[in-house]
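Trainee: Using numbering that gives the first Met the number 0, read the sequence shown as starting at 0 and increasing by one per residue.
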Amino acid sequence: MKNVLVTGAAGFIGFHLSRRLLDEGRCVIGLDNMNDYYDPSLKEARLAILSRESRFRFYRADLADPPAVEDVFEQEKPEIVVNLAAQAGVRYSITNPRTYVDSNLVGFINVLEGCRHHQVGHLVFASSSSVYGANTKMPFSPHQNVDHPVSLYAATKKANELMAHTYAALYGLPCTGLRFFTVYGPWGRPDMALFLFTRAILADRPIEVFNNGKMKRDFTYIDDIIEGVVRVADRVPVPDAAWNGEEPDPASSFAPYRIWNIGGNNPVLLMEFIEQIEKYLGKTAKKHFLPLQAGDVPVSWADVDDLEAYVGFKPATPVSVGIRKFLDWYRDYYG
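(1) Return the Cβ separation of I276 and L306 in integer angstroms, given the expectation that the two are a contact with Cβ distance under 8 Å.
(2) With a threshold of 8 Å, are at least 3 pairs of Cβ atoms found where one atom belongs to the region 296 to 303 and the other to the region 243 to 263?
(3) What residue does the alpha helix (DSSP H) around S40 start on, and which one ends it?
(4) Compute the Euclidean distance between the alpha carbons of V237 and F72, then round it to the nearest angstrom.
(5) Going straight from the alpha carbon of R18 to that of E245, what length do you get?
(6) Tell me the DSSP secondary structure of A125 in three-state form.
(7) Is V123 near K156, with beta carbons less than 7 Å apart?
(8) Less than 7 Å between the beta carbons of V182 and T135, yes or no?
(9) With burial defined as no fewer than 16 other Cβ atoms inside 10 Å of the residue's Cβ, what is the status of D217: buried or exposed?
(10) State the start and end residues of the unbroken beta strand (DSSP E) segment that holds N2.
(11) Could you give the DSSP three-state label for K313: helix, strand or coil?
(12) Which of the three DSSP states is assigned to K156 in this structure?
(13) Give every residue of the same chain whose Cβ lies closer than 6 Å to the Cβ of L151, excluding the five residues on either side of it in the sequence, and list them in chain order.
(14) Just to confirm, is the Cβ distance from F325 to G227 under 7 Å?
(15) Can you give me the C-alpha to C-alpha distance between E43 and R188, rounded to a whole angstrom?
(16) At 3 residues or longer, what runs of the beta strand (DSSP E) sit wholly inside the region 12 to 97?
(17) Evaluate the contact criterion for the region 14 to 34 versus the region 54 to 64: three or more CB pairs, one atom per stretch, below 8 Å.
(18) With DSSP as the reference, please indicate the residues paired to R188 in a beta bridge.
(19) Quick one: what's got a C-beta closer than 6 Å to P205's C-beta in the same chain, skipping five residues either side?
(20) Check the C-beta distance from L46 over to A87 and give it rounded, since I have them as a contact under 8 Å.
(21) Distance, Cα to Cα, D239 vs N264?
(22) Give me the residue from D327, P249, I221, Y329 with the minimum Cα distance to P317.
(23) If you draw a straight line from the C-alpha of F55 to the C-alpha of N243, how long is it?
(24) For V298, write down the residues that DSSP places opposite it in a beta bridge.
(25) Taking the alpha-carbon of P249 as reference, which of L20, G176, L41 has the nearest alpha-carbon?
(26) Roughly how many whole angstroms lie between the Cα atoms of L289 and N210?
(27) Return yes when the Cβ of G7 is within less than 7 Å of the Cβ of A63, no when it is not.
Right, here's the structure in full:
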């Protein structure tokens with residue numbers, strides 16, 4: 000039973016990952032600052048479920064606080080670290096940029112230092128499909144250059160990839176970055192489209208449909224994300240003997256470092272996504288059509304061939320199934 004430190008354990012993905020690891024009989028150390036970016040009661044409810052397990056230990060701490068992070072590493076000696084704590088949200092980063100520096104950059108260097116000084120066997124960290132930025136070649140491949148972000152959130156995630164590579168190269172710390180594509184499902188974040196649309200439709204309020212409904216997203220169901228994370232976490236990266244500095248591959252390295260996409264590999268038109276919500280709610284949404292927002296991209300689409308070859312898995316949950324499972328949870332949770 001490996002000790003696994005999950006940062007952001009009370010968050011959407013962190014909660015599901017922690018529960019999966021506990022179900023497998025592992026010991027999970029959760030860390031979360033429980034901030035109020037969205038309703039803290041949802042985080043508290045997730046945490047209450049995890050806390051029922053004797054193999055779950057929780058630290059209420061901020062990653063940007065070096066002594067607090069060091070204390071967790073010193074006390075718990077994790078063998079694997081999965082860093083999911085971050086300030087999320089593309090649009091929020093436009094109005095609150097410093098929050099992203101504190102959480103996503105300062106916090107991440109504290110995690111890297113903890114891993115370095117306490118001989119962690121593998122650091123898995125959340126990156127984002129947002130790093131593809133201005134890229135238009137589809138599907139997005141981890142072998143592509145991603146030097147043109149269009150939001151500060153994306154820039155911090157790209158920075159995380161560079162910081163992790165540096166520690167892999169300097170200290171031999173095995174690091175794996177996972178670029179998540181539009182994650183949704185039960186216990187999801189209230190600031191995400193599915194949650195916002197559901198709440199507005201049930202309240203007979205109009206929903207905001209950006210890019211006039213022509214947006215496409217590679218929606219990825221939470222269970223598929225977790226399956227990918229667990230499989231990758233158990234595969235410690237090694238240096239790529241075929242890596243060539245004259246033609247550097249961004250997805251691998253001479254160091255123990257890898258980057259993978261985890262996405263549905265099936266972009267869905269936003270209007271079709273909304274139709275599925277309407278179908279299961281039995282209500283038609285009032286729609287307020289808006290242009291593409293600053294920082295957003297019109298299409299996301301994950302190339303997951305490398306992931307499938309590496310761990311024998313790729314996401315496959317249809318949007319119709321995932322939306323139904325979310326709405327079943329939503330009705331149960333909110334009555």
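By construction, the Cβ of each residue, glycine as well, lies at the ideal position given by its N, Cα and C atoms.
Mentor: Taking the geometry as given:
(1) Numbered from 1 along the sequence shown, position 277 holds the residue referred to as residue 276. Numbered from 1 along the sequence shown, position 307 holds the residue referred to as residue 306. Not confirmed; about 28 Å, so no contact.
(2) yes
(3) Against the sequence shown, residue 40 aligns to sequence position 41. Where S40 is concerned, the enclosing alpha helix (DSSP H) stretches over 39 to 49.
(4) Taking the sequence shown and counting its residues from 1, the one referred to as residue 237 is at position 238. Taking the sequence shown and counting its residues from 1, the one referred to as residue 72 is at position 73. C-alpha separation (whole angstroms): 24 Å.
(5) Working through the sequence shown from its first residue, we reach residue 18 at position 19. Working through the sequence shown from its first residue, we reach residue 245 at position 246. Spanning the two alpha carbons is a distance of roughly 43 Å.
(6) Within the sequence shown, the letter at position 126 stands for residue 125. Of the three classes helix, strand and coil, the one that applies to A125 here is strand, per DSSP.
(7) For this step, residue 123 is matched to residue 124 along the sequence shown. For this step, residue 156 is matched to residue 157 along the sequence shown. For V123 and K156, no; Cβs fall outside 7 Å.
(8) For this step, residue 182 is matched to residue 183 along the sequence shown. For this step, residue 135 is matched to residue 136 along the sequence shown. No, these two residues do not count as a Cβ contact at 7 Å.
(9) Counting from one through the sequence shown, the residue named residue 217 turns up at place 218. Its Cβ being crowded by 16 or more others within 10 Å, D217 is buried.
(10) Position 3 of the sequence shown, counted from the start, is the residue given in the question as residue 2. Taken as a continuous stretch (DSSP letters only), the beta strand (DSSP E) holding N2 covers 2 to 6.
(11) Walking along the sequence shown from the start, residue 313 turns up at place 314. Here K313 sits in coil by DSSP.
(12) Residue numbering aside, residue 156 sits at position 157 when the sequence shown is read from its first letter. DSSP places K156 in helix when its eight states are reduced to three.
(13) Along the sequence shown, one-based indexing puts residue 151 at 152. Counting only Cβ-Cβ distances below 6 Å, and skipping sequence neighbours, we find S92, P96, Y99.
(14) Translated into positions along the sequence shown, residue 325 becomes position 326. Translated into positions along the sequence shown, residue 227 becomes position 228. Not closer than 7 Å, so no.
(15) For this step, residue 43 is matched to residue 44 along the sequence shown. For this step, residue 188 is matched to residue 189 along the sequence shown. Straight-line Cα distance between these residues: approximately 13 Å.
(16) 26 to 31, 55 to 59, 79 to 82
(17) yes
(18) Here residue 188 refers to the residue found at position 189 of the sequence shown. BP columns for R188 are empty, so no partner.
(19) To locate residue 205, count along the sequence shown from 1; it is residue 206. Taken in chain order, the residues that qualify are K285, H287.
(20) Position 47 of the sequence shown holds residue 46. Position 88 of the sequence shown holds residue 87. About 18 Å separates the two Cβ atoms, so there is no contact after all.
(21) In the sequence shown, residue 239 corresponds to position 240, counting from 1. In the sequence shown, residue 264 corresponds to position 265, counting from 1. When rounded, the distance between both Cα atoms is 25 Å.
(22) Along the sequence shown, one-based indexing puts residue 317 at 318. The option with the nearest alpha carbon to P317 is I221.
(23) One-based indexing of the sequence shown puts residue 55 at position 56. One-based indexing of the sequence shown puts residue 243 at position 244. Their backbone Cα atoms lie some 43 Å apart in a straight line.
(24) If you number the sequence shown from 1, residue 298 lands on position 299. Per DSSP, K215.
(25) On the sequence shown, position 250 is the one that residue 249 refers to. For P249, the nearest C-alpha among the options comes from G176.
(26) Your numbering for residue 289 matches position 290 in the sequence shown. Your numbering for residue 210 matches position 211 in the sequence shown. Each residue's alpha carbon lies about 6 Å from the other.
(27) Taking the sequence shown and counting its residues from 1, the one referred to as residue 63 is at position 64. Taking the sequence shown and counting its residues from 1, the one referred to as residue 7 is at position 8. Taking 7 Å as the Cβ cut-off, A63 and G7 do not qualify as a contacting pair.
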